[in-house]
């Protein structure tokens, strides 16, 4: 599906819909649920009756956007920028986004070597204030590094302040991180984070609902937050003033049944006041990565059992199988060595290792990676497979 | 009873018991419950059978202490130092201490102008680390000042660090504070707090279980904490490392059904680590006095209804009635002015005002004091009483 020579009709229709509907449009979501992608796209293209629940003016506006939409061209532009389009029901779609109901994204634009679905299974959001303090930046980076070291993927919004510190902390420890943008994934925002976001796209994933070329707007930032909340097992707010946007992400996480966590700070700091407010109501106080993992690590239906792999090796994608086969039988190895033995790049190897981690085949061990006990047993029990 | 010319037999027996039994001795508490004060004192004086549940050696030790005890003399020494002895069942006894069961104090030595029972009705403990940070000291002082401004009595242990900052914060805002010592109330500990504790004895109350002249010991500090927890409506821990004594106070408060609260701090500070641990388990996060009062202000059976006085004016002690009569009918007045009009000292006036506050007659208003609406109504409704 990703950049396949002949994209199927639903994929093209969904690209078209991301060009017409704003992210999080629940009326559009209802149309899709009631009528199906094909019929909604036909109607918006003027080849069917107008859809219900919107004013004439709004319908005219949607029709005008539909007239300007060029999905095949958008897919080409995306492909040239190394961006793929992932749709609900496809193999890379993170099924937990279905919890968003009619506000579920129409599809996600994805940049980066890893598989989104596997990464999202063991992910935590670390979010907070743009204008954070040194304390907040330090704490976010340390928390993200600790999560990455424990094999967890750090999701954030790519913004200045806490978001950036969280991404950097994960990258610095050789870990996995996902930036969820409120604009086209080919046009990094904020501009000052162009390098950081490029780096994330190399070692991690940069994703978003908006088609290539689109700008962020205040409302797009707000609806973006629901994707961060839904994608992850829990959201940690590091610093936030009263009425901060990251509190909205935490509350969305709460509504979706995800874990909501906050890092305390001095009561004399206005940038901790919003977090403290959250901690007094719905969130759990956390002070380090171990406490976050203690909470989100209670695995529910979204993830495979921690005790071992659930997929037979021969059902793995070839790239992942290659990396798995490159792991030594009984000791830990650094990602560089594994990459060399698997004949791939270190970034690709790290991406695959995190996928394999989510599936229970491998685990982090100090700075390196090793097979889980169960993966070793499954190999010994059935030597023909390895 | 306080320094009355002929102390009754039970009072003298209980003074004797504070000279023989260590604070918090639950075997002694059981004896008192099962046999009564008179019989336990007789046995310890060798005029009855040995009591059960202790070794011969321990009984001999108690008998030796009993032989050295001189209760009448201790009462004289206390009286000369301005110290009274308050026993269970007497008018000044804080009945919430009965929640301690067999660990209930045999009696309390009390220094200072206020009535302990009334003050304790609207009191909050503010405790924490001795070797606190600047942040902790600042926060404790601000919290105590805010509690005092809202008419709440601040209880602490008189120690260096958080305790001292809390007492000073309450004193500085002209408020009420109680120091619960782990030694004789005539011998301030720590020595560096001699002046502070004297000041508390002038404007507030200095109390303890140990008879005059007694030294503190490590175990006496520990058992003292239960009195702080039981006396107050809730305990706030401001800074505490892991395994700090103030966490024990908070847990005692929890077991006694009191509110347990903690002030967060930076996760990078070891002196906040114990508080964060508490907040992750049983305590409520608070950041200022308003949040503390929001919690402890939900009055239970211990205190009169906030909406107005429960005692007729003519049942008030003469000193309190004099101060009440000195309040202007419709405006707020500073404590100094009230003291002048009541022909008493400012410290005595403040002590009485806090008692009247606990009884619902008066309330703080900015820097001054005024009659509550209900007190005014009760005066108007029955003008003969005022």
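Protein chains in written order, with this note's numbering: chain Y, -15 to 370; chain A, -15 to 370. Cβ atoms here follow ideal geometry from the backbone N, Cα and C, with glycine treated the same way.
message: Which runs of the beta strand (DSSP E) at least 3 residues long sit entirely within the region 48 to 126 of chain A? Give them in chain order.
response: Whole beta strand (DSSP E) segments, 3+ residues: 67 to 70, 92 to 95 and 107 to 111.
- prompt: Exposed or buried, what is residue 350 of chain A when buried is set at 16 or more other beta-carbons lying within 10 Å of its beta-carbon?
  reply: Within the second chain, numbered from 1, the residue matching residue 350 of chain A stands at position 366. Burial is judged here by how many other beta carbons sit within 10 angstroms of a residue's own beta carbon; residue 350 of chain A has fewer than 16 and is exposed.
- prompt: Considering only C-alpha positions, which residue in the set A:179, A:112 and A:175 is nearest to residue 258 of chain A?
  reply: Here residue 258 of chain A refers to the residue found at position 274 of the second chain. Nearest option by C-alpha distance: A:112.
- prompt: Does residue -11 of chain Y come within less than 8 Å of chain A when only Cβ atoms are used?
  reply: Locating residue -11 of chain Y in the first chain gives position 5, where the first residue counts as 1. Legend: pLDDT at residue -11 of chain Y = 46, less than 50; position of this residue unreliable, no value from coordinates given.
- prompt: Tell me which same chain residues have a C-beta within less than 7 Å of the C-beta of residue 115 of chain A, skipping the five on either side of it?
  reply: For the purposes of this step, residue 115 of chain A is taken as the residue at position 131 of the second chain. Correct list, in chain order: 145.
- request: Mind reading off the beta-carbon distance from residue 109 of chain Y to residue 212 of chain Y? Whole number of angstroms is fine, and I expect it under 8 Å.
  value: For this step, residue 109 of chain Y is matched to residue 125 along the first chain. For this step, residue 212 of chain Y is matched to residue 228 along the first chain. Confirmed, about 5 Å.
task: Compare the beta carbon distance of residue 190 of chain Y and residue 96 of chain Y with 8 Å and say whether it is the shorter of the two.
output: Translated into positions along the first chain, residue 190 of chain Y becomes position 206. Translated into positions along the first chain, residue 96 of chain Y becomes position 112. With respect to residue 96 of chain Y, residue 190 of chain Y sits close: the two C-beta atoms are nearer than 8 Å.
query: Once you ignore the five residues that flank residue 188 of chain Y on each side, which residues in its own chain have a CB closer than 6 Å to its CB?
result: Working through the first chain from its first residue, we reach residue 188 of chain Y at position 204. The beta carbon of residue 188 of chain Y lies closer than 6 Å to those of 96, 160, 161 and 162 in the same chain, with the five residues before and after it left out.
message: Taking the beta strand (DSSP E) that residue 15 of chain A belongs to, which residues open and close that run?
response: For the purposes of this step, residue 15 of chain A is taken as the residue at position 31 of the second chain. Per DSSP, residue 15 of chain A belongs to no beta strand (DSSP E); it is in the alpha helix (DSSP H), 10 to 19.
Chain-ordered chain Y contacts of residue 258 of chain A [CB-CB under 8 Å]: Within the second chain, residue 258 of chain A is the residue found at index 274, counting from 1. Listed by position along chain Y, the residues whose Cβ is nearer than 8 Å to that of residue 258 of chain A form an empty set, because the closest Cβ is around 11 Å away.
message: Determine whether the beta carbon atoms of residue 77 of chain Y and residue 169 of chain Y lie at a separation below 8 Å.
response: Taking the first chain and counting its residues from 1, one reaches residue 77 of chain Y at position 93. Taking the first chain and counting its residues from 1, one reaches residue 169 of chain Y at position 185. No, these two residues do not count as a Cβ contact at 8 Å.
message: Suppose contacts are defined by Cβ-Cβ distances below 8 Å. Is residue 2 of chain Y in contact with residue 318 of chain Y by that definition?
response: In the first chain, the residue the question calls residue 2 of chain Y occupies position 18. In the first chain, the residue the question calls residue 318 of chain Y occupies position 334. No, Cβ-Cβ distance for residue 2 of chain Y and residue 318 of chain Y is not below 8 Å.
For residue 354 of chain A, the residue or residues it bridges with in DSSP: For the purposes of this step, residue 354 of chain A is taken as the residue at position 370 of the second chain. When beta bridges are read from the DSSP output, residue 354 of chain A appears opposite A:347.
Three or more C-beta pairs below 8 Å linking the region 220 to 228 of chain A and the region 256 to 274 of chain A: Contact holds: three or more Cβ-Cβ distances are below 8 Å.
message: Please state the DSSP three-state secondary structure of residue 288 of chain A.
response: As a working mapping, residue 288 of chain A is identified with position 304 in the second chain. Only weak support is given to the placement of residue 288 of chain A: the predicted model assigns it a pLDDT of 39, under 50, and the question is left unresolved by the model.
- prompt: Going straight from the alpha carbon of residue 174 of chain Y to that of residue 215 of chain Y, what length do you get?
  reply: As a first step, residue 174 of chain Y is located in the first chain; it is residue number 190 there, counting from the start. As a first step, residue 215 of chain Y is located in the first chain; it is residue number 231 there, counting from the start. Using only the alpha carbons, I get a separation of about 22 Å.
query: What number of angstroms, rounded off, separates the C-alpha of residue -2 of chain Y from the C-alpha of residue 275 of chain A?
result: One-based indexing of the first chain puts residue -2 of chain Y at position 14. One-based indexing of the second chain puts residue 275 of chain A at position 291. Using only the alpha carbons, I get a separation of about 50 Å.
- prompt: Expressed to the nearest angstrom, what Euclidean distance is found between the alpha-carbon atoms of residue 302 of chain Y and residue 253 of chain Y?
  reply: Stepping through the first chain from its first residue, residue 302 of chain Y is reached at position 318. Stepping through the first chain from its first residue, residue 253 of chain Y is reached at position 269. When rounded, the distance between both Cα atoms is 51 Å.
task: Tell me, please, whether the region 232 to 241 of chain A touches the region 121 to 128 of chain A by the rule of three or more beta-carbon pairs shorter than 8 Å.
output: With fewer than three CB-CB distances shorter than 8 Å, the region 232 to 241 of chain A does not count as touching the region 121 to 128 of chain A.
field: Range of the contiguous alpha helix (DSSP H) that encloses residue 149 of chain Y
entry: Looking up residue 149 of chain Y in the first chain gives position 165. First-last of the alpha helix (DSSP H) with residue 149 of chain Y: 146 to 156.
- request: Could you tell me which residues DSSP pairs with residue 191 of chain Y in its beta bridges?
  value: The residue labelled residue 191 of chain Y in the question sits at position 207 within the first chain. Per DSSP, Y:94 and Y:164.
- prompt: So, using beta-carbon positions, are residue 91 of chain Y and residue 70 of chain Y closer together than 8 Å?
  reply: Walking along the first chain from the start, residue 91 of chain Y turns up at place 107. Walking along the first chain from the start, residue 70 of chain Y turns up at place 86. Yes, they are a contact pair.
- prompt: By Cβ distance below 6 Å, which residues in the same chain neighbour residue 352 of chain A in space, the five residues on each side in sequence not counted?
  reply: Taking the first residue of the second chain as 1, we reach residue 352 of chain A at position 368. Sequence-distant Cβ neighbours of residue 352 of chain A in its own chain, meaning closer than 6 Å and more than five residues away, are 316, 317 and 318.
field: Option in A:280, A:336, A:343 and A:185 with minimal Cα separation from residue 164 of chain A
entry: For this step, residue 164 of chain A is matched to residue 180 along the second chain. Residue 164 of chain A has its Cα closest to that of A:185, out of A:280, A:336, A:343 and A:185.
- prompt: Do residue 326 of chain A and residue 346 of chain A have their C-beta atoms within less than 8 Å of each other?
  reply: For the purposes of this step, residue 326 of chain A is identified with residue 342 of the second chain, where counting begins at 1. For the purposes of this step, residue 346 of chain A is identified with residue 362 of the second chain, where counting begins at 1. No, the pair does not count as a contact, with Cβ atoms beyond the cut-off.
Assigned secondary structure, residue 447 of chain A (DSSP; H/G/I helix, E/B strand, else coil): Because residue 447 of chain A is not part of the residues shown, which for chain A are -15 to 370, the question remains open.
query: Quick one: which chain Y residues come within Cβ less than 8 Å of residue 251 of chain A?
result: As a position in the second chain, residue 251 of chain A is number 267, starting the count at 1. Under the 8 Å cutoff, chain Y gives 123, 247, 248, 249, 271 and 272.
query: Where residue 197 of chain Y and residue 167 of chain Y are concerned, what is the direct C-alpha to C-alpha distance, given to the nearest angstrom?
result: On the first chain, position 213 is the one that residue 197 of chain Y refers to. On the first chain, position 183 is the one that residue 167 of chain Y refers to. So the alpha carbons of these two residues sit roughly 8 Å apart.
query: In or out: residue 151 of chain Y buried (at least 16 other Cβ within 10 Å) or exposed?
result: Translated into positions along the first chain, residue 151 of chain Y becomes position 167. Under this definition residue 151 of chain Y is a buried residue.
N-terminal and C-terminal residue of the beta strand (DSSP E) that residue 140 of chain Y is part of: The count along the first chain starts at 1 and reaches residue 140 of chain Y at position 156. It spans 137 to 140 - the beta strand (DSSP E) in which residue 140 of chain Y sits, taken as one unbroken run.
- prompt: What does residue 119 of chain Y touch in chain A if you count any residue whose Cβ is under 8 Å from its own?
  reply: Along the first chain, one-based indexing puts residue 119 of chain Y at 135. By Cβ distance, chain A contributes 250 and 252.
- request: Whole angstroms is fine: what's the gap from residue 63 of chain A's alpha carbon to residue 56 of chain A's?
  value: On the second chain, position 79 is the one that residue 63 of chain A refers to. On the second chain, position 72 is the one that residue 56 of chain A refers to. Put simply, the backbone Cα of residue 63 of chain A is about 11 Å away from that of residue 56 of chain A.
- request: Step through the CB atoms of chain Y and report whether any lies within less than 8 Å of the CB of residue 231 of chain A.
  value: If you number the second chain from 1, residue 231 of chain A lands on position 247. Chain Y has no Cβ within less than 8 Å of the Cβ of residue 231 of chain A.
field: Cβ of residue 134 of chain A within 8 Å of any chain Y Cβ
entry: As a first step, residue 134 of chain A must be located in the second chain, where it is residue number 150. So no, residue 134 of chain A is outside the interface.
message: What does the Cβ neighbour count give for residue 80 of chain Y, buried or exposed, with the cut at 16 atoms within 10 Å?
response: Locating residue 80 of chain Y in the first chain gives position 96, counting from the first residue. Buried is the call here.
- prompt: At which residues does the beta strand (DSSP E) containing residue 216 of chain Y begin and terminate?
  reply: Within the first chain, numbered from 1, the residue matching residue 216 of chain Y stands at position 232. Here residue 216 of chain Y belongs to no beta strand (DSSP E), and DSSP marks it neither H nor E.
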